[in-house]
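Colleague:
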Amino acid sequence: MDYKIAVIKGDGIGPEIVDQAITVLEAVSEKCGISFVFSEVLMGGCAIDKYGLPLPESTLKTCKESDSVLLGAVGGPKWEGLPGDSTPEAGLLGIRAGLGLYANLRPAVIYEALREASPLKPGIVDGKIDILVVRELTGGIYFGERGRSEKGTPNEWAYDTEKYSVPEIERIARIAFEAASKRRGIVTSVDKANVLESSRLWREVVTKVSKDYPGIALNHMYVDNAAMQLIRNPGQFDVIVTTNMFGDILSDEASMITGSIGMLPSASLGSGKPGLYEPIHGSAPDIAGQDKANPIATVLSAAMMLRYSLGENFAADLIENAVVRVLDKGYRTSDIAYYGGTVVGTREMGRLIAEEVRRAEF
Ligand code: IPM
Ligand code: MG
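In my numbering, the protein residues as written are -2 to 359.
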């Protein structure tokens, strides 16, 4: 089976981390007899430099014609200050919308070997921490009407709007309930229904959808409380379903519980193919090109791609198990090396994971 994968390396550390995910996929390919055809396309700052816009039509076309999209990260100081619709980030939002990827799955899992890397005290992270943040990805304030008055005028103003429709809430709620039915069966819906009208609708619709899933326990939480509960007692969460912006914020918070944002992969899914797979972190321009970045979030994103878009569950397990073995052997990139271990660079971490994939016995 030949899988067509569109590859968007992006900016900053993007190219380095994606290269390691490809190294690992090549090992999977040898091991499992599946093959990948990678087509590299540009998006983000590098596309602005080459084509004058962050998301060229040809990039979106290649992505649409592929089985899935693997993405590094976009953005950097070089492109800050551009008008809102021509930033690297606008390219990222454009590709999410252009592919109809309304559901963003962000699993935050504590690895046994990294328990000490969590900034939370033992006692708080003693049990199993396995949280799936289901973030709505193509609506809300990210895509609502916005405006700005003329710059520099007295009383200068700007606004962004949060708007959700019933179908938008229904479909993301279903993703969360379905996911919970394969996990511990608890959905926490996060909103700000004590203040926002859009949140009151969100809460009503999620409650209505929950009636179709009688085996799942639903609770609602205000976002400020959720931010607090995540560090007070992260073990209480199974699936968190929330809006685009709250999901952006809470997934960064959840990632840190696991020790580093460099560990968190994500899958963005719509109703058809392709899905898009990217680490949740950004392009980290401060460490770009230094062989320092942690490639694990991107490697695990490739595993999610195998599982969710390609149905290659066995190959996905191979990668996830290889990551566990490399961590168990004490190898660490610098972001997860608070408690020692053998500190390795980006490339070496990728090579070690690929080697474990090749070594797996089955
Ligand atoms: C993320 C990022 C993006 C987002 C930025 C880069 C636009 O923070 O994927 O979490 O806010 O969605
Ligand atoms: Mg974010």
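The C-beta atom is built at its ideal place from N, Cα and C for all residues, glycine as well.
1) For P104, list the residues DSSP reports as bridge partners.
2) Following the continuous beta strand (DSSP E) through K6, name the residue where it begins and the one where it ends.
3) Tell me the residue span of the alpha helix (DSSP H) that contains L297.
4) How many Å lie between S26 and N310 at the Cα?
5) Report whether the distance from the Cβ of L22 to the nearest heavy atom of the ligand IPM is below 6 Å.
6) Near P231, what residues of its chain come up, given a Cβ to Cβ distance below 6 Å and the 5 sequence neighbours on each side ignored?
7) Cutting at 6 Å between CB atoms, please list the residues of its own chain near W154, excluding the five before and the five after it.
8) Pull up the distance between the alpha-carbon of G370 and that of I169, whole angstroms please.
9) How would you write the range of the beta strand (DSSP E) that L215 sits in, first residue to last?
10) Quick check on the burial criterion: 16 or more other C-beta atoms within 10 angstroms. Buried or exposed for T339?
11) Where does the unbroken alpha helix (DSSP H) through A177 begin, and where does it stop?
12) For the beta strand (DSSP E) holding S36, just list the boundary residues, first then last.
13) Evaluate the contact criterion for the stretch 272 to 284 versus the stretch 68 to 76: three or more CB pairs, one atom per stretch, below 8 Å.
14) With respect to 6 Å, is the separation between the Cβ of L89 and the closest non-hydrogen atom of the ligand IPM below this value?
15) Give the straight-line distance between the Cα atoms of K270 and M302, rounded to the nearest whole angstrom.
16) Please name the residue, chosen from Y108, V202, D188 and P292, that lies closest to G256 on a Cα-to-Cα basis.
17) Flag D360 as yes when its Cβ comes closer than 6 Å to any non-hydrogen atom of the ligand IPM, and as no otherwise.
18) Buried or exposed: where does Y99 fall if 16 or more other Cβ atoms within 10 Å of its Cβ makes it buried?
19) Can you look up R181 in the DSSP assignment and give me helix, strand or coil?
20) For K6, is the classification buried or exposed, using 16 other Cβ atoms within 10 angstroms of its Cβ as the cut-off for buried?
21) Could you have a look at I249 and say whether DSSP puts it in helix, strand or coil?
22) For V333 and N291, which I take to be in contact (beta-carbon distance under 8 Å), what is that distance rounded to the nearest angstrom?
23) Looking at K46 and the ligand MG, is the gap between the Cβ and the nearest heavy atom below 6 Å?
24) Since A264 is in the beta strand (DSSP E), which residue starts that stretch and which ends it?
25) Just verifying my parser: in three-state terms, what is the DSSP assignment at I237?
26) Name the DSSP bridge partner or partners of R143?
27) Report back the beta-carbon spacing between V203 and I166 to the nearest angstrom; my notes put them in contact at under 8 Å.
28) Verify whether the separation of the beta carbon atoms of V184 and V130 is less than 7 Å.
29) Of all the options S196, V238 and Y48, which has the alpha carbon lying nearest to the alpha carbon of I138?
30) Tell me which residues share the same chain as G42 and place their Cβ nearer than 7 Å to its Cβ, disregarding the 5 neighbours each side in the sequence.
31) Is I277 near the ligand IPM, in the sense that its beta carbon is under 6 Å from a heavy atom of that ligand?
32) When the distance is taken between beta carbons, is R171 closer than 7 Å to G244?
33) Is it buried or exposed for R356, if we count other Cβ within 10 angstroms and need 16 for buried?
34) Cβ of D245 within 6 Å of any heavy atom in the ligand GTP?
35) Report the rounded CA-to-CA distance for S207 versus K289, giving the unit in angstroms.
36) So the alpha helix (DSSP H) S195 belongs to, where does it begin and stop?
Modeller: Let me spell this out:
1) The sequence position of residue 104 within the sequence shown is 107, counting from 1. According to the DSSP secondary-structure assignment, P104 is paired through a beta bridge with L129.
2) If you number the sequence shown from 1, residue 6 lands on position 9. From DSSP, the beta strand (DSSP E) with K6 extends over D(-1) to G7.
3) Working through the sequence shown from its first residue, we reach residue 297 at position 300. Residues I293 to Y305.
4) Within the sequence shown, residue 26 is the residue found at index 29, counting from 1. Within the sequence shown, residue 310 is the residue found at index 313, counting from 1. Distance from the CA atom of S26 to the CA atom of N310, rounded to whole angstroms, is 13 Å.
5) Mapped onto the sequence shown, residue 22 falls at position 25. For the ligand IPM, not one heavy atom lies less than 6 Å from the Cβ of L22.
6) As a working note, residue 231 is residue 234 in the sequence shown. Closer than 6 Å at Cβ, skipping near neighbours: I126 and I254.
7) Locating residue 154 in the sequence shown gives position 157, where the first residue counts as 1. The answer, listed in chain order, is S146.
8) Outside the displayed range of the chain (-2 to 359) lies residue 370, so it cannot be described from this structure.
9) For the purposes of this step, residue 215 is taken as the residue at position 218 of the sequence shown. Run containing L215: A214 to Y219, per the beta strand (DSSP E) assignment.
10) Translated into positions along the sequence shown, residue 339 becomes position 342. Around the CB of T339, fewer than 16 other CB atoms lie within 10 Å, so the residue is classed as exposed.
11) To locate residue 177, count along the sequence shown from 1; it is residue 180. From DSSP, the alpha helix (DSSP H) with A177 extends over V163 to S178.
12) The count along the sequence shown starts at 1 and reaches residue 36 at position 39. Per DSSP, the continuous beta strand (DSSP E) segment holding S36 begins and ends at S32 to E37.
13) Judged by Cβ distances under 8 Å, the stretch 272 to 284 makes contact with the stretch 68 to 76, as three or more pairs qualify.
14) Here the question's residue 89 lines up with position 92 in the sequence shown. Yes, the ligand IPM has a heavy atom inside 6 Å of this Cβ.
15) Residue mapping note: residue 270 aligns to position 273 of the sequence shown, counting from 1. Residue mapping note: residue 302 aligns to position 305 of the sequence shown, counting from 1. Cα to Cα, the separation comes out at about 11 Å.
16) In the sequence shown, the residue the question calls residue 256 occupies position 259. The candidate whose alpha carbon is nearest that of G256 is Y108.
17) Any property of residue 360 remains undetermined from this structure, which presents the chain solely from -2 to 359.
18) For the purposes of this step, residue 99 is taken as residue 102 along the sequence shown, with counting starting at 1. Looking at its Cβ environment, which holds 16 or more other Cβ atoms inside 10 Å, Y99 is buried.
19) Against the sequence shown, residue 181 aligns to sequence position 184. If DSSP states are grouped into helix, strand and coil, R181 belongs with coil.
20) Here the question's residue 6 lines up with position 9 in the sequence shown. So K6 counts as buried.
21) Your numbering for residue 249 matches position 252 in the sequence shown. According to the sequence as given, residue 249 is Asp; it is not Ile. Helix.
22) Your numbering for residue 333 matches position 336 in the sequence shown. Your numbering for residue 291 matches position 294 in the sequence shown. The residue asked about is misnamed: residue 333 is Ile in this sequence, not Val. With a Cβ gap of about 7 Å, I333 and N291 count as contacting.
23) Translated into positions along the sequence shown, residue 46 becomes position 49. The sequence given here has Asp at residue 46, not Lys. Answer for D46: no, Cβ out of range of the ligand MG.
24) Here residue 264 is taken as the residue at index 267 of the sequence shown, counted from 1. Start and end: A264 to L266.
25) Position 240 of the sequence shown holds residue 237. When secondary structure is reduced to three states using DSSP, I237 falls in the strand class.
26) Taking the first residue of the sequence shown as position 1, residue 143 is located at position 146. Per DSSP, the beta bridge partners of R143 are D157.
27) Locating residue 203 in the sequence shown gives position 206, where the first residue counts as 1. Locating residue 166 in the sequence shown gives position 169, where the first residue counts as 1. Contact annotation, V203 with I166: C-beta distance approximately 7 Å; criterion of less than 8 Å satisfied.
28) As a first step, residue 184 must be located in the sequence shown, where it is residue number 187. As a first step, residue 130 must be located in the sequence shown, where it is residue number 133. Going by C-beta atoms, V184 is not nearer than 7 Å to V130.
29) By 1-based counting over the sequence shown, the position of residue 138 is 141. When only C-alpha atoms are compared, the closest one is S196.
30) The count along the sequence shown starts at 1 and reaches residue 42 at position 45. D8, V71, G72, G73, K75, W76 and P85, listed in sequence order.
31) Mapped onto the sequence shown, residue 277 falls at position 280. With a cut-off of 6 Å, the C-beta of I277 is classified as near the ligand IPM, since at least one heavy atom of the ligand falls inside that distance.
32) Looking up residue 244 in the sequence shown gives position 247. Looking up residue 171 in the sequence shown gives position 174. No, the pair does not count as a contact, with Cβ atoms beyond the cut-off.
33) Residue numbering aside, residue 356 sits at position 359 when the sequence shown is read from its first letter. So R356 ends up on the exposed side.
34) Of the ligands this structure carries, namely the ligand IPM and the ligand MG, none is the ligand GTP.
35) In the sequence shown, the residue the question calls residue 207 occupies position 210. In the sequence shown, the residue the question calls residue 289 occupies position 292. In a straight line, the C-alpha of S207 is about 44 Å away from that of K289.
36) Locating residue 195 in the sequence shown gives position 198, where the first residue counts as 1. That run of the alpha helix (DSSP H) goes E194 to S207.
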